Amino acid sequence: MKIAFAASEVYPYAKTGGLGDVIGTLPIELSKLGHEALVFLPRYNTITIEDYNLKLCDDIGEIPIRIASNIYKVQVYTTTLPVSNVIVYFIDCPHYFCRFEIYTKDNDEDERFILFSKSIIETLQRLKYAPDVIHCNDWHTGLLPVLLKENYGWDKLFHNTATVFTIHNIAYQGIFTKDTFRKADINPEHAAPGEIGEYYGNINFLKTAILTSDIINTVSETYAKELLTEEFGAGMENFLKRREKDFFGILNGADYNIWNPGKDIYIPNQYTSSDLSVKLKNKTALLKRVNLPQDKNKPLIGIISRLVEQKGFNLFEDSAEQLMKLDALWVVLGNGEPKYEEMFSALVKKYPEKISLYLGYYDELSHLIEAGSDIFLMPSRFEPCGLNQIYSLKYGTVPVVRKTGGLADTVEDWDESLSNEIQSGTGFSFKDFSPQMLIDTLQRAITYYKNKPTWKKIQLNGMCKDYSWKKSAEKYVTLYDKALKKYVG
Ligand code: ADP
């Protein structure tokens, strides 16, 4: 099968979260299964030709793309994903993609990703390449299915091409003014009240994708169920219900070539489940690196996260003082909303011996935190899949999570009523989204941390879990098959 991926993030070129990890890995896993995968990504200015050894696709030439009434000239660069033969095409248009960030609040944000979607289709035309499936991801590529079917519907090349759309996070929908469809040359009737693009008088890219893709999925089974409810659906629940027969959940996997304590190139001491004591050396290195006391009897709680409401940090606002009283040390890596950055900064100022904070995005430090921490905390309000809890399991770093979305699907709560021998628990979780539940659950984890044989059992239970991409990639193949059958049907 031939699959073309369209995404705004692909690791290692551009990543702000899980989307980048997924698109950096899934295509490679599909190619290992014998399929042909291509990837499309904008060439942001951080993706330099020199650093990534990009080659200009001379045979494609300059592609004129119309946005509103302007024509922009697009060039295409290419390389392959590291250690693979998966081709990546970079859509190059400095006018739109030379910005300080991947995502902006600029008033042409819609145009940036309309150009991206149109450029993907036009590149495929010039390559005379007809994928069986175009796999779109999140709102940035949400208009691609309708563009493909209507604006480019005349092109026989795509007559057997189906579309699959993955929702990585329902919170980001791409909402713009009505003018957006005109700029994209999409039939303005679709912007009329109640039509596929319209949402409270505006245009919603995600809604358009939900109603126009052949198959839709999200990144865990529990999140797929949650999205059909008002509490989690963020206004999309009724559109998803309309598509319920075509809507699925597939858990993301982990890339164990990158996230594996036995071969992690970023950690000073590699280890496996048979020499777990080596993990302690990483704790020593981490405590030193983040300037915390070498208090090895206290559990070290790690957080690596975008500091946004979704991740549950408002629970800290009401419980910070009590959390700092727990018999533990803390290391936090992340950036995001100023109020949470300020909240953690204030805690560091007040409790410099207890908590250390790194504001920013540091890939290498994130690996050391996974390896050196004892507990990994993810108290998310909602979590489509979540990757760090999956990585933590492999690193013997016991996850403490809120039981929602992918966290519910991957972390099994330690059940005190069972004997150690038959226990399969891998971490600690809580359901009620309340500061007290967070404190109680962390306290429960800290109590077990002091019971070394039990703690080791929890660590080993997690380390032997296999969330590699292979299984999930096979499920995607089944999904692509469904999309093709449905489309052809
Ligand atoms: P989301 O996509 O909602 O941000 P995920 O758990 O799915 O959450 O994926 C987050 C990914 O981003 C993980 O690979 C995590 O290690 C990484 N990450 C998040 N924040 C940082 C940071 N500040 N520095 C380094 N890596 C980070």
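Residue numbers for the sequence shown follow our numbering, so the first one is 911 and each next one is one higher.
Ideal Cβ positions, reconstructed from N, Cα and C, are used throughout, including at glycine.
Values in this document were obtained by computation on a predicted structure and should not be read as measured data.
Between which two residues does the beta strand (DSSP E) holding residue i run?
i              : result
glutamine 985  : 980-990
lysine 912     : 912-916
alanine 1072   : 1072-1077
glutamate 946  : 946-952
threonine 1128 : 1125-1128
glycine 1159   : 1157-1159
Express the C-alpha separation of residue j and residue i in angstroms, rounding to a whole number.
i                  : j               : result
asparagine 1097    : aspartate 1319  : 41 Å
methionine 911     : asparagine 1070 : 12 Å
asparagine 1330    : glycine 1246    : 40 Å
proline 1345       : threonine 1357  : 18 Å
isoleucine 1300    : alanine 1102    : 43 Å
valine 1218        : lysine 1341     : 19 Å
asparagine 1148    : serine 1378     : 33 Å
isoleucine 981     : asparagine 1127 : 34 Å
valine 1258        : leucine 1202    : 11 Å
lysine 1392        : isoleucine 1001 : 29 Å
glutamate 956      : leucine 1278    : Looking at the sequence shown, residue 956 is not glutamate but threonine. Going from the Cα of threonine 956 to the Cα of leucine 1278 covers about 24 Å.
isoleucine 1285    : leucine 1348    : 13 Å
leucine 1267       : serine 1215     : 12 Å
phenylalanine 1115 : proline 1171    : 39 Å
glutamate 1407     : isoleucine 973  : Past the boundaries of the shown model lies residue 1407; the chain is included only from 911 to 1399, so the question cannot be answered.
glutamate 1280     : glycine 1337    : 15 Å
glutamate 1227     : glycine 1084    : 29 Å
threonine 1402     : glutamate 1263  : A query on residue 1402 cannot be resolved here, the shown segment of the chain reaching from 911 to 1399 and no further.
alanine 1256       : leucine 936     : 40 Å
phenylalanine 915  : tyrosine 1250   : 34 Å
methionine 1253    : serine 1283     : 22 Å
glutamate 1099     : tryptophan 1049 : 20 Å
threonine 1087     : lysine 1059     : 23 Å
glutamate 1198     : glutamine 1204  : The amino acid occupying residue 1198 in the given sequence is lysine; glutamate does not appear at that position. Roughly 7 Å separates the two Cα atoms.
Looking at the strands, I want to know which residues DSSP matches up with residue i.
i                  : result
serine 1266        : Val1241
valine 1310        : Leu1287 and Phe1338
tyrosine 1109      : Asn1112
arginine 976       : Ile981
alanine 1164       : Ser1378
aspartate 1323     : Gly1337
tyrosine 999       : Phe950 and Thr988
lysine 965         : Thr988
valine 932         : For valine 932, which the question treats as bridged, DSSP gives no partner whatsoever.
isoleucine 1024    : DSSP output for isoleucine 1024 lists no bridge partner at all.
phenylalanine 1086 : Ile1113
alanine 924        : Val920
Please classify residue i: is it buried, with 16 or more other beta-carbons within 10 angstroms of its beta-carbon, or exposed?
i                  : result
threonine 1351     : buried
serine 1130        : buried
valine 993         : exposed
lysine 1117        : buried
threonine 1014     : exposed
arginine 1022      : buried
glycine 1335       : buried
asparagine 1298    : buried
threonine 1139     : exposed
isoleucine 1177    : buried
glycine 1374       : This sequence places cysteine at residue 1374; glycine is not what is there. So cysteine 1374 ends up on the exposed side.
tyrosine 1110      : exposed
glutamate 1154     : exposed
phenylalanine 1010 : exposed
threonine 990      : exposed
lysine 1189        : buried
proline 1289       : buried
threonine 1051     : buried
isoleucine 1302    : Per the sequence presented here, residue 1302 reads as serine, with isoleucine not at that position. With 16 or more Cβ atoms within 10 Å of its Cβ, serine 1302 is classed as buried.
leucine 1328       : exposed
How far does the alpha helix (DSSP H) with residue i in it extend, from its first residue to its last?
i                  : result
glycine 1282       : 1273-1282
glycine 1372       : 1362-1373
phenylalanine 1142 : 1140-1143
phenylalanine 1091 : 1089-1094
phenylalanine 1010 : Here phenylalanine 1010 belongs to no alpha helix (DSSP H), and DSSP marks it neither H nor E.
phenylalanine 1254 : 1248-1260
phenylalanine 1149 : 1147-1152
tyrosine 1301      : 1298-1304
asparagine 1192    : 1189-1199
lysine 1173        : Note, lysine 1173: premise wrong, no alpha helix (DSSP H); not H, not E.
- Item | Those runs of the beta strand (DSSP E) which lie wholly inside the stretch 1202-1232 and span at least 3 residues | 1210-1217
- Which residue spans inside the stretch 1036-1074 form an unbroken beta strand (DSSP E) run of at least 3? 1043-1047
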